[in-house]
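From first to last, the protein sequence lines are chains Y and V. Counting from 1, position 89 in the first sequence corresponds to residue 89 in the numbering used here; the numbering is continuous, with no gaps. Counting from 1, position 27 in the second sequence corresponds to residue 27 in the numbering used here; the numbering is continuous, with no gaps. Heads up, the beta-carbon is just placed ideally off N, CA and C, and yes, glycines get one too. One structure is given below, encoded as structure tokens.
Protein chains: 2
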Amino acid sequence: MSDVAREAGVGESTASRVLRRQGSSSPETREKVLGAAARLGYVPNRLAGTLASTGSNLIGIIVPSLANIVFPDLLRGAGAVLGAAGFRSVIGVTDYEPDSEEHLVESLLSWRPAGLMVAGLEHTARTRLLLAAAGIRIVEMLDTDGEGIDTVVGFSNREAGRVSARHLIARGYRRIAYIGHDLGRDRRAAKRREGFLAALAEAGLSLAAEDVVRTHSSVGAGREALDRLLARHPAVDAVYFSNDDMAIGGYFHCLARGIAVPTRLALFGFNGLDVARHAPQPLSTLLTPRVAIGATSARLLLADDPPGVTTLDFELIEGATS
Amino acid sequence: MSDVAREAGVGESTASRVLRRQGSSSPETREKVLGAAARLGYVPNRLAGTLASTGSNLIGIIVPSLANIVFPDLLRGAGAVLGAAGFRSVIGVTDYEPDSEEHLVESLLSWRPAGLMVAGLEHTARTRLLLAAAGIRIVEMLDTDGEGIDTVVGFSNREAGRVSARHLIARGYRRIAYIGHDLGRDRRAAKRREGFLAALAEAGLSLAAEDVVRTHSSVGAGREALDRLLARHPAVDAVYFSNDDMAIGGYFHCLARGIAVPTRLALFGFNGLDVARHAPQPLSTLLTPRVAIGATSARLLLADDPPGVTTLDFELIEGATS
DNA sequence: GCAAGTATTGGCAGCGCTGCCAATCCTTGG
DNA sequence: CCAAGGATTGGCAGCGCTGCCAATACTTGC
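Structural data, given as structure tokens:
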């Protein structure tokens, strides 16, 4: 920057002020500085800028995965709001490992971000400590079943499970099964299952069958799981899937095997993915406002409201598979 | 850090050395410093660290979108390699706007990243200038049809289009249509279409019909486009889609309307998405090594090989829809 | 027991910028 | 024409760390 100042024949502070369009400067000075900067191909150094001033324009965002479109959707919503406000996102992917999350929090914090967004409420004790002590706004996303550190934006996964169960029960299904994926790591999916079981219990029912794969969720896994489950429990009349990826797999299995949906077997998912909504029979599922949660989280991160919980609820999509 | 040094009763440089596990230090000193750091809840400041030293551990990654799983896949591959090497990704999303890309490049460059990864070869003149002058490794991903700035990792989209056309021709289809999405912005999709048309021409054929939606690609758009196209051109016997999202939509339309695939109508996509491969009839498509491209790009970014083009080719999936 | 290493340590400049404050210039009103 | 007040400008410390170098402590071989 001092090169630019010299080239423009002005002081460093003046150059700095012009380049940041902050404070006052005469039009001629501005022109001189901008011209010099352009001539020299000057690219500011935000490291130095941020170090010298107070706040950075970096926002850390931590998600468990990028393989499931849910999280890119979240990033998309957040990125749009942050980008428009001149902020940049630094992404960390935990792979659903709490320890990995802890490292990422440390690592991202060392960049002195203006705020941190993280998916979920479950963290290691040290992660919570780091976040609480960071002195920046923390937003936890996608879940409201538990204690937040600062700001929380999402919905109740337990309630999502309950709503799904009540829907199936109301439709008359009684031999209801569950098909899920790695629940030890995906805590939100586990909460949905809990809520689902609780609502079944309230109706005097229990799970007719269950198949939980060890891998992460995928269409293929859902398809295979349903095949397995029906082989063992042919009397099942409805299946609740841990998410739409799995449910679409189940739906494909039914199409392939000529299993009538929903007369012979009902299917219910979670997320309201684009592909699920445009299937020949739109999948019955819960639409989650993922992009909106990302956007709202970003907005709250940049605002300075008091800590609190913002609920952006899911919406029941009746579909044609239940 | 000076607080930590004081608390530990050592000099700043010693503390710095211990905290970076670099250079030599006695076990006792190390213990003292680490203890002090833990007691004080010390979080290093990489801004200062990077400013004082030479290189940062930030890598800028610029993609056009997060709505299509292709790009999260790319990020996933890159992130895994980068994360393992202690690097962090700063993401920018251009929304397919070259000007937006230019701003992002500037903005990311101001963080003095150790390298920059960007999807595609098409940039504004100024973007190319900025990238070429940045003095860091630049990797352009997903396309090899054109001039790269430094390192290029991907495949030929034009060739992908050609291969797809030849496949359909070899299968005996002659009244072939194209269904695509916003080609002005998605240059790679446009190149595939070009290659496709070129191969048709080589066989003495031309497009029997075409429907290009203005929006970005989606299952719903593909479904509607096929409906429209068949209404106007019922004789079409095969459709090449701009990608699997669109093709899946087309497939769903066929299922819903009872159109026999591939006997009455063949469908061909691009990308080899999970959902497409597990459909009742696996979609005929080209599988692109997106995660591998991300990973390879990251690896080359961190290595210091000479500039060049690395081709990671797509693979023809015969599927059951052609 | 001593010189010649080798391991360990601390001091300090400086990375490139911004914030503060003082200096200078230009208006305006009387 | 002059003083007061605002606009514009420049100098310089310092953000928190690392790299360099000199100083000190400990080994080893003979």
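Compare the Cα-Cα distances from residue i to each of the options and report the closest residue.
i	options	result
residue 176(Y)	233(Y), 214(Y) and 69(Y)	233(Y)
residue 76(V)	84(Y), 275(Y), 95(Y) and 230(Y)	95(Y)
residue 300(Y)	54(Y), 102(Y) and 138(Y)	138(Y)
residue 316(V)	197(V), 159(V), 143(V) and 207(V)	159(V)
residue 307(V)	151(V), 296(V) and 2(V)	151(V)
residue 32(V)	43(V), 263(V), 202(V) and 14(V)	14(V)
residue 227(V)	165(V), 256(V), 20(V) and 58(V)	256(V)
residue 132(V)	157(V), 155(V), 153(V) and 105(V)	105(V)
residue 45(V)	1(V), 167(V) and 8(V)	1(V)
residue 269(Y)	298(Y), 200(Y) and 196(Y)	196(Y)
Compare the beta carbon distance of residue i and residue j with 9 Å and say whether it is the shorter of the two.
i	j	result
residue 119(Y)	residue 141(Y)	yes
residue 121(V)	residue 144(V)	yes
residue 89(V)	residue 69(Y)	no
residue 239(V)	residue 179(V)	yes
residue 319(V)	residue 283(V)	yes
residue 214(V)	residue 182(V)	yes
residue 54(Y)	residue 98(Y)	no
residue 66(Y)	residue 79(V)	yes
residue 222(Y)	residue 237(Y)	no
residue 289(Y)	residue 273(Y)	no
Look up residue i in the DSSP assignment and say whether it is helix, strand or coil.
i	result
residue 69(V)	coil
residue 296(V)	helix
residue 301(V)	helix
residue 1(V)	coil
residue 45(V)	coil
residue 243(V)	coil
residue 91(Y)	strand
residue 252(V)	helix
residue 139(Y)	strand
residue 145(V)	coil
residue 196(Y)	helix
residue 57(Y)	coil
residue 259(Y)	coil
residue 119(Y)	strand
residue 309(V)	strand
residue 321(V)	coil
residue 284(V)	strand
residue 150(V)	coil
residue 207(V)	coil
residue 315(V)	strand
residue 81(Y)	helix
Cβ of residue i less than 9 Å from any chain V Cβ?
i	result
residue 26(Y)	no
residue 245(Y)	yes
residue 270(Y)	no
residue 115(Y)	no
residue 72(Y)	yes
residue 223(Y)	yes
residue 62(Y)	no
residue 128(Y)	no
residue 293(Y)	no
residue 146(Y)	no
Starting from the beta carbon of residue i, find every residue of chain V whose beta carbon is closer than 7 Å, and list them in chain order.
i	result
residue 279(Y)	252
residue 249(Y)	278
Could you tell me whether the Cβ of residue i comes closer than 9 Å to any Cβ of chain Y?
i	result
residue 315(V)	no
residue 9(V)	no
residue 184(V)	no
residue 106(V)	yes
residue 256(V)	yes
residue 180(V)	no
residue 83(V)	yes
Could you work out which residues of chain Y lie near residue i, taking near to mean beta carbons separated by less than 7 Å?
i	result
residue 274(V)	218, 219 and 220
Give the residues of chain Y in contact with residue i, contact being defined as C-beta atoms less than 8 Å apart.
i	result
residue 44(V)	110
residue 79(V)	66, 91 and 93
Using a cut-off of 9 Å between C-beta atoms, extract the partners of residue i located in chain V.
i	result
residue 47(Y)	46, 47, 48, 50, 51, 56, 110, 111 and 112
residue 133(Y)	41 and 43
In chain V, which residues lie with their C-beta within 8 Å of the C-beta of residue i?
i	result
residue 89(Y)	90 and 91
What residues of chain Y sit near residue i, judged by a beta carbon separation below 9 Å?
i	result
residue 76(V)	65, 66, 67 and 93
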